[in-house]
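Let me begin by presenting the structure, written as structure tokens, before commenting on it.
In full-length UniProt numbering, the protein residues as written are 1 to 274.
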């Protein structure tokens with residue numbers, strides 16, 4: 001009986017954490033890489049969570065492993081309470097609309113500079129997304145992951161990004177998967193920003209990023225973020241001019257070689273002096 005009560009106590013603490021963050025069972029199950037039915041059995045107290053599950057829960061909800069197992073008489077919810085009247089912001093982001101080709105494969109949609117403001121307001125519109133062109137990237141694509149391609153709007157030398165580069169990025173659906181020192185494309189309510197993440201504050205629900213050569217850091221509240229895309233590759237606009245210069249150099253070299261061959265042929269045709 002004690003074993004059953006222990007399971008139920010653990011499940012109840014986990015359930016209280018979920019409800020305090022205004023999350024659904026499906027959202028938490030996705031964070032833990034569990035099926036919804038498996039996760040619900042943990043909340044109901046019908047099975048123990050694994051060590052990995054407990055560790056992920058403790059990290060995500062900023063509580064201790066021991067608290068999840070044994071609880072506390074004084075700490076009913078083991079994280080900082082927000083001031084009265086403030087709204088708890090979920091740590092999950094809605095999945096973007098996926099667009100498929102005729103073979104049922106997920107398309108990599110390209111968001112050009114001319115459509116980026118439209119994308120902010122219509123990013124969840126199937127009709128709008130169907131108007132975007134798709135691109136193919138010769139890069140590793142993870143199964144079951146949604147990708148987008150974005151045209152870079154500015155020169156970001158510190159990030160090795162040039163204006164008009166095409167940036168390939170995969171969708172991130174939870175702040176638990178966001179990592180510092182990684183390049184992200186943030187879709188906010190006002191703009192699309194390519195930046196390097198410098199820190200993440202789960203208590204204050206903010207991201208700190210930089211994208212300028214002067215290392216100026218700017219802060220983005222979770223509540224302003226519509227989508228997060230993690231950079232995985234790019235096609236650089238700088239390749240065009242470089243290839244053009246190489247072609248010009250090769251052409252000049254070929255012409256010089258042809259002139260040299262002509263001079264050698266002419267020398268061979270000259271009769272010997274004696």
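Glycine is no exception: its CB is placed at the ideal position from the N, C-alpha and C atoms.
In the structure shown, what three-state DSSP assignment does residue i receive?
i	result
residue 183	strand
residue 223	helix
residue 100	strand
residue 265	helix
residue 148	strand
residue 218	strand
residue 276	With the chain running from 1 to 274 in the structure shown, residue 276 is simply not present.
residue 8	helix
residue 108	coil
residue 40	helix
residue 230	strand
residue 163	coil
residue 70	helix
residue 275	This structure cannot speak to residue 275, because the chain is shown only from 1 to 274.
residue 207	strand
residue 169	strand
residue 201	strand
residue 190	coil
residue 250	helix
residue 196	strand
Just to confirm, are residue i and residue j a CB contact at a threshold of 9 Å?
i	j	result
residue 222	residue 184	no
residue 193	residue 208	no
residue 234	residue 166	yes
residue 9	residue 45	yes
residue 149	residue 163	no
residue 168	residue 182	no
residue 179	residue 228	no
residue 56	residue 32	yes
residue 226	residue 146	no
residue 302	residue 39	No statement about residue 302 is possible, as the shown extent of the chain runs from 1 to 274 and does not include it.
Could you check how far apart the C-beta atoms of residue i and residue j are, in whole angstroms? I think they sit under 8 Å.
i	j	result
residue 307	residue 18	Examination of residue 307 is not possible in this model, given that the chain is present from 1 through 274 alone.
Would you call the segment 195-211 and the segment 97-111 touching, i.e. three or more CB-CB distances under 8 Å? Contact fails between the segment 195-211 and the segment 97-111, because fewer than three Cβ pairs, one in each stretch, are under 8 Å apart.
Evaluate the contact criterion for the segment 121-129 versus the segment 91-104: three or more CB pairs, one atom per stretch, below 8 Å. The segment 121-129 is in contact with the segment 91-104.
At what residue ranges does the UniProt domain "HTH cro/C1-type" (14-68) contain a whole run of the alpha helix (DSSP H), taking only runs of 4 or more? Fully enclosed alpha helix (DSSP H) runs of 4 or longer: 25-32, 36-44, 51-61.
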